[in-house]
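This report refers to the structure that appears directly beneath it.
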Amino acid sequence: MRLIYRYVKSLKNRILRRGKLENNIDSIEIYSKWLQANKSNNREKSFTYKPKISILMPVYNVELQWLQKAVESVEKQLYGNWELCIVDDCSTNIEISKYLLQKQDNNIKVKILKKNSHISKASNEALYLASGEFVALLDHDDELSEDALWEVVKRLNENPDLDLIYSDEDKKSMSGERIYPAFKSNWNSELLFSFMYVGHLGVYRKSIIDEIGGFREGFEGAQDYDLILRFTEKTNKISHIPKILYHWRMIPGSTAVEVNSKSYAYDRGRIALQQSLIRRGYNCVGVEEDRMIRGNYHPIFKHTALCDPIIVFLLTESENERFIKDKLKFIRKQTSLYDTRIVLLSNTQIALEEDISLLIYTDNNYLIEMHKYLKIHDSFGQLLFIKDTISIDQPEWLEKMLVYSQRKDVGCVSGKVISSTGKIQYAGAYIQEGKKCYPNHNDESNDVGYLGRVRRVQFTTFAYNACFTLKTALLNNYMENNRDSYDFNSLNIELEKLGAFNIYNPYIEFVTSENNPAEELLKIKATDKFLNPHLEIVEGKFEIKL
Numbered sequence: 004m005r006l007i008y009r010y011v012k013s014l015k016n017r018i019l020r021r022g023k024l025e026n027n028i029d030s031i032e033i034y035s036k037w038l039q040a041n042k043s044n045n046r047e048k049s050f051t052y053k054p055k056i057s058i059l060m061p062v063y064n065v066e067l068q069w070l071q072k073a074v075e076s077v078e079k080q081l082y083g084n085w086e087l088c089i090v091d092d093c094s095t096n097i098e099i100s101k102y103l104l105q106k107q108d109n110n111i112k113v114k115i116l117k118k119n120s121h122i123s124k125a126s127n128e129a130l131y132l133a134s135g136e137f138v139a140l141l142d143h144d145d146e147l148s149e150d151a152l153w154e155v156v157k158r159l160n161e162n163p164d165l166d167l168i169y170s171d172e173d174k175k176s177m178s179g180e181r182i183y184p185a186f187k188s189n190w191n192s193e194l195l196f197s198f199m200y201v202g203h204l205g206v207y208r209k210s211i212i213d214e215i216g217g218f219r220e221g222f223e224g225a226q227d228y229d230l231i232l233r234f235t236e237k238t239n240k241i242s243h244i245p246k247i248l249y250h251w252r253m254i255p256g257s258t259a260v261e262v263n264s265k266s267y268a269y270d271r272g273r274i275a276l277q278q279s280l281i282r283r284g285y286n287c288v289g290v291e292e293d294r295m296i297r298g299n300y301h302p303i304f305k306h307t308a309l310c311d312p313i314i315v316f317l318l319t320e321s322e323n324e325r326f327i328k329d330k331l332k333f334i335r336k337q338t339s340l341y342d343t344r345i346v347l348l349s350n351t352q353i354a355l356e357e358d359i360s361l362l363i364y365t366d367n368n369y370l371i372e373m374h375k376y377l378k379i380h381d382s383f384g385q386l387l388f389i390k391d392t393i394s395i396d397q398p399e400w401l402e403k404m405l406v407y408s409q410r411k412d413v414g415c416v417s418g419k420v421i422s423s424t425g426k427i428q429y430a431g432a433y434i435q436e437g438k439k440c441y442p443n444h445n446d447e448s449n450d451v452g453y454l455g456r457v458r459r460v461q462f463t464t465f466a467y468n469a470c471f472t473l474k475t476a477l478l479n480n481y482m483e484n485n486r487d488s489y490d491f492n493s494l495n496i497e498l499e500k501l502g503a504f505n506i507y508n509p510y511i512e513f514v515t516s517e518n519n520p521a522e523e524l525l526k527i528k529a530t531d532k533f534l535n536p537h538l539e540i541v542e543g544k545f546e547i548k549l
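The working numbering applies: residue 4 is where the sequence shown begins, and numbers increase by one.
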């Protein structure tokens, strides 16, 4: 009875924590309608490329009914070239080993361990049984959708060079009801450094898993996260299937229900992440766990060398000389630890101190004036752009931006932006039907958002246009290759095409005196790789697209 109480309480708390933002997504009725409208109509067909997929399933003291359903979900697959590799980690319930041994056939391999070895060792034992070109992971109480492997092989026929394919997922109650869909981003390596967002279903090329040594003992509870971190150090040939192909069983005591049920897993995940970041060449001096979301990580980076000279562009539309000079004084103090030059962008003349330059811009074309200045003064490696509507009261905020913007794969870097009334104005921005949309717009500043993404460092399509850092070479490249029109939104999209992705970092927080719109019309046509096609942003809220 106590377990049932904890189970129901956990569900209620989860909905309350999410609040208004996810009412549509958490609604069983709305999700049921979506499921009806998105039923799979796949049928077995003859693929040109038919790789064998080995499904690894370590088993330990699971209720027999859930184990049976997990195995049955594999047996019902529309795609036929699979094998199920099951290792029982010395379960104390002898009915489990009896059932598994009875299931052995040409497609189902079973090994019973004589000694309990824990999940990493059991997973490796299952890996040793595998003969497939690809490996999929299935927990002993979860289920695959019947078209899961079919969809994976379909994607592999479209692109046989892929090394990792992952899908969306949802949860399944003990009564069989499907709830809480997780509609994920396309590949977002920076988001992976915040949490194991890839989750299930994950299908990995076996040769790479063998190369990295399989699952590491000592990382039990976080073994899948450790695996994907090491795996993605070896390849970026990764694809997301925006379909729900995996169902987590919501059993009391599992992490599908209670995030604190395996707290040791989060500590091991933190260690695995720091080790991976160091191997990747980042100067990661530590990883903190978020105080609001268990398993949400915040890597701490430090400069490995002195930063490039920085040019600071302060944009003002004010004619109040005292106000402008106070802002300049503030900027000078905030950037005093760096080799900087400050340039004021204004649409009016103003007397300034000798070490501050003045650029007059017209018709909001300040990017043109910035580019002209940088062509003459070409010694600056980084720029900070900031409007006079922004206030900052946070230590080391600039360093937190620069450690990201110095990276080759990063474009603009922005933080979380809050209004003077405590409402979110910016927490990442996306393209939707020709508009730039801001999820979580006007939500409370402490809201965590859908899948906790308000509090996770990640790549996003648009940085915040009133405060960002950027390498000067990237701005110059954009200005010289896009001569028809210049605007901040198209700059962001062009950066992505160059492989320089914009970063949203919620651990840098600004306050703005502006009330920003919930959406803006875009001048260019583009699609968004980080917004799941089954989600839409309605008045700043993520909703299921019906």
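Glycine is no exception: its CB is placed at the ideal position from the N, C-alpha and C atoms. These numbers come from a predicted model, not from an experiment.
What does the Cβ neighbour count give for residue i, buried or exposed, with the cut at 16 atoms within 10 Å?
{"i": "Val-457", "result": "buried"}
{"i": "Ile-89", "result": "buried"}
{"i": "Glu-154", "result": "buried"}
{"i": "His-203", "result": "buried"}
{"i": "Asn-79", "result": "One detail in the question is off: residue 79 reads as Lys in this sequence, not Asn. That one is exposed."}
{"i": "Tyr-52", "result": "exposed"}
{"i": "Leu-194", "result": "buried"}
{"i": "Ser-279", "result": "buried"}
{"i": "Tyr-481", "result": "buried"}
{"i": "Ile-540", "result": "buried"}
{"i": "Lys-253", "result": "Going by the sequence as given, residue 253 is Met instead of Lys. Buried is the call here."}
{"i": "Glu-326", "result": "Contrary to the premise, residue 326 reads as Phe rather than Glu in this sequence. Exposed: under 16 other Cβ atoms inside 10 Å."}
{"i": "His-306", "result": "exposed"}
{"i": "Phe-533", "result": "buried"}
{"i": "Gln-277", "result": "buried"}
Within this structure, are the beta carbons of residue i and residue j separated by less than 8 Å?
{"i": "Tyr-300", "j": "Phe-198", "result": "yes"}
{"i": "Asp-391", "j": "Lys-330", "result": "yes"}
{"i": "Leu-498", "j": "Cys-440", "result": "no"}
{"i": "Gly-289", "j": "Gly-272", "result": "no"}
{"i": "Asn-445", "j": "Phe-465", "result": "no"}
{"i": "Gly-437", "j": "Leu-524", "result": "yes"}
{"i": "Leu-401", "j": "Thr-338", "result": "yes"}
{"i": "Ile-345", "j": "Leu-362", "result": "no"}
{"i": "Ile-421", "j": "Asn-443", "result": "no"}
{"i": "Tyr-82", "j": "Leu-152", "result": "yes"}
{"i": "Gln-435", "j": "Ser-408", "result": "no"}
{"i": "Trp-85", "j": "Lys-55", "result": "yes"}
{"i": "Ser-176", "j": "Tyr-249", "result": "no"}
Return helix, strand or coil for residue i, following the three-state DSSP convention.
{"i": "Phe-304", "result": "strand"}
{"i": "Glu-512", "result": "strand"}
{"i": "Tyr-376", "result": "helix"}
{"i": "Gln-428", "result": "strand"}
{"i": "Thr-51", "result": "coil"}
{"i": "Asn-505", "result": "strand"}
{"i": "Asp-29", "result": "helix"}
{"i": "Ser-13", "result": "Its pLDDT being 41, under 50, Ser-13 is placed unreliably by the model, and nothing is read from it."}
{"i": "Val-346", "result": "strand"}
{"i": "Asp-229", "result": "helix"}
{"i": "Leu-549", "result": "coil"}
{"i": "Ile-18", "result": "Any reading at Ile-18 must be qualified, since the residue scores a pLDDT of 41, below 50, and its modelled position is unreliable; no value is offered."}
{"i": "Trp-251", "result": "strand"}
{"i": "Leu-165", "result": "coil"}
{"i": "Ser-123", "result": "helix"}
{"i": "Phe-383", "result": "coil"}
{"i": "Ile-353", "result": "coil"}
{"i": "Trp-85", "result": "strand"}
Could you tell me which residues DSSP pairs with residue i in its beta bridges?
{"i": "Ala-185", "result": "Glu-172"}
{"i": "Lys-42", "result": "DSSP lists no partner for Lys-42."}
{"i": "Arg-158", "result": "Answer is none; Arg-158 lacks a bridge partner."}
{"i": "Arg-208", "result": "Phe-137"}
{"i": "Ser-360", "result": "Val-346"}
{"i": "Asp-91", "result": "Val-62 and Ile-115"}
{"i": "Ser-422", "result": "Thr-515"}
Any beta carbon from chain E within less than 8 Å of residue i's own beta carbon?
{"i": "Tyr-82", "result": "The structure shown contains no chain E, having only a single protein chain."}
Quick one: measure Cβ to Cβ for residue i and residue j, integer angstroms, because I've assumed they're closer than 8 Å.
{"i": "Lys-209", "j": "Gly-135", "result": "6 Å"}
{"i": "Asp-166", "j": "Ser-120", "result": "About 28 Å separates the two Cβ atoms, so there is no contact after all."}
{"i": "Asn-485", "j": "His-374", "result": "The Cβ separation is near 11 Å, so there is no contact."}
{"i": "Ser-516", "j": "Tyr-467", "result": "Incorrect: roughly 14 Å between the Cβ atoms, too far for contact."}
{"i": "Thr-475", "j": "Ile-314", "result": "7 Å"}
{"i": "Ile-547", "j": "Trp-37", "result": "5 Å"}
{"i": "Ile-275", "j": "Asp-229", "result": "Strictly speaking, residue 275 in this sequence is Ala, with Ile absent from that position. Indeed, because the Cβ distance is near 4 Å, the residues count as touching under 8 Å."}
{"i": "Glu-223", "j": "Ile-122", "result": "5 Å"}
{"i": "Asn-508", "j": "Lys-403", "result": "6 Å"}
{"i": "Ser-349", "j": "Thr-319", "result": "5 Å"}
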